[in-house]
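Visitor: Below you'll find the structure I mean.
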Amino acid sequence: MIELFPKEKNAILNLFDMDKIDKFYNFLLTYKDIGGFFSKSNEDLIIDRHLIESIYHIYKIHGVLNVSRETEIADVGTGPGLPGFLFACLKETPKLVALIDSQKKKLQLLEEYIPNHYTDLKVKFYYQRVEEIKGSYDIVVSRSSVPYPWTTEIVFNLVKKNGFFVPFLAKKNYDLALESKIIKESGMSISSEIELKELNFLGERHIKFLKKINKPKHSVPRKWKIIKGEIDEKKG
Numbered sequence: 716m717i718e719l720f721p722k723e724k725n726a727i728l729n730l731f732d733m734d735k736i737d738k739f740y741n742f743l744l745t746y747k748d749i750g751g752f753f754s755k756s757n758e759d760l761i762i763d764r765h766l767i768e769s770i771y772h773i774y775k776i777h778g779v780l781n782v783s784r785e786t787e788i789a790d791v792g793t794g795p796g797l798p799g800f801l802f803a804c805l806k807e808t809p810k811l812v813a814l815i816d817s818q819k820k821k822l823q824l825l826e827e828y829i830p831n832h833y834t835d836l837k838v839k840f841y842y843q844r845v846e847e848i849k850g851s852y853d854i855v856v857s858r859s860s861v862p863y864p865w866t867t868e869i870v871f872n873l874v875k876k877n878g879f880f881v882p883f884l885a886k887k888n889y890d891l892a893l894e895s896k897i898i899k900e901s902g903m904s905i906s907s908e909i910e911l912k913e914l915n916f917l918g919e920r921h922i923k924f925l926k927k928i929n930k931p932k933h934s935v936p937r938k939w940k941i942i943k944g945e946i947d948e949k950k951g
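Given below as structure tokens:
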């Protein structure tokens, strides 16, 4: 899979423990049907694509933010551990990786798989809604839970002051005015943005680095019912 990035292959290999990634890949293959991880059509190819995408995203994040043995990371809406578990597959593993999903079906399979295949992983599992989680993290990622920019409002309480929320994004089909409003009211600001042209074979991909700089507006976060209504209205 790493051969897809010839110019960055060595840097990626130096960053990740590929033995850990191979075990995770085998987990996805073994439990894909039981957990209903992916679409039934061309599912083996889909697994490769999901894994490639997540590895490359984390590689790019590592190049911007200081991911070290002191870093605490959370992945919201992680499903079977994508992309968050791959932070635990770095050679220099973070202090903590929290995998969060309100649905147990997929994530619990990973929690049960780990003891027999890994040692000394600093991973915690939370089967709760985001608003029920107590704690804050240096970096929070989200790949496929609530649509962006509403994810910012959902997860900001998990981000430490001066920490970052890094959503994994596809096409820029979101309302920029709404994005600006939600980010500001959530006490965040856009620190930087990266176009991932190397992933164009999967479609458009980009990531944003949103830094938590202030306390949120008093009325934020809104109740989920209100946020969902706004999402549905935008979808038409």
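According to our numbering, the sequence shown holds residues 716 to 951 in order.
Ideal placement from N, C-alpha and C gives every residue a C-beta, glycine not left out.
A quick note: this is a predicted structure, and the numbers were derived from the prediction, not measured.
For Ile717, which three-state DSSP category applies?
Guide: Note: Ile717 maps to helix in three-state DSSP.
Visitor: Along the chain, where does the beta strand (DSSP E) containing Gly878 start, and where does it finish?
Guide: Unbroken beta strand (DSSP E) run through Gly878: 874-884.
Visitor: Please report the residue range of the beta strand (DSSP E) in which Leu814 lies.
Guide: It spans 811-815 - the beta strand (DSSP E) in which Leu814 sits, taken as one unbroken run.
Visitor: What does a CB cutoff of less than 6 Å around Ser769 pick up in its chain, not counting 5 residues either side in sequence?
Guide: Around Ser769: Leu797, Pro798, Leu801.
Visitor: Cα separation between Glu900 and Asn741?
Guide: When rounded, the distance between both Cα atoms is 42 Å.
Visitor: Which first and last residues belong to the beta strand (DSSP E) in which Leu925 is found?
Guide: Where Leu925 is concerned, the enclosing beta strand (DSSP E) stretches over 921-927.
Visitor: Okay, do the region 801-815 and the region 835-854 touch, 3+ Cβ pairs below 8 Å being the bar?
Guide: The region 801-815 is in contact with the region 835-854.
Visitor: Does the distance from the C-beta atom of Lys806 to that of Thr786 stay below 8 Å?
Guide: Not a contact, by the Cβ cut-off of 8 Å.
Visitor: Is the number of C-beta pairs between the region 920-931 and the region 870-889 that are closer than 8 Å three or more?
Guide: In short, these stretches touch, since the Cβ pair count reaches three.
Visitor: Tell me whether the beta-carbon of Leu728 lies closer than 8 Å to the beta-carbon of Ile736.
Guide: No.
Visitor: Nearest to Ile898 by alpha carbon, out of Pro795, Val935, Val791, Glu945?
Guide: Here the closest residue by C-alpha is Val935.
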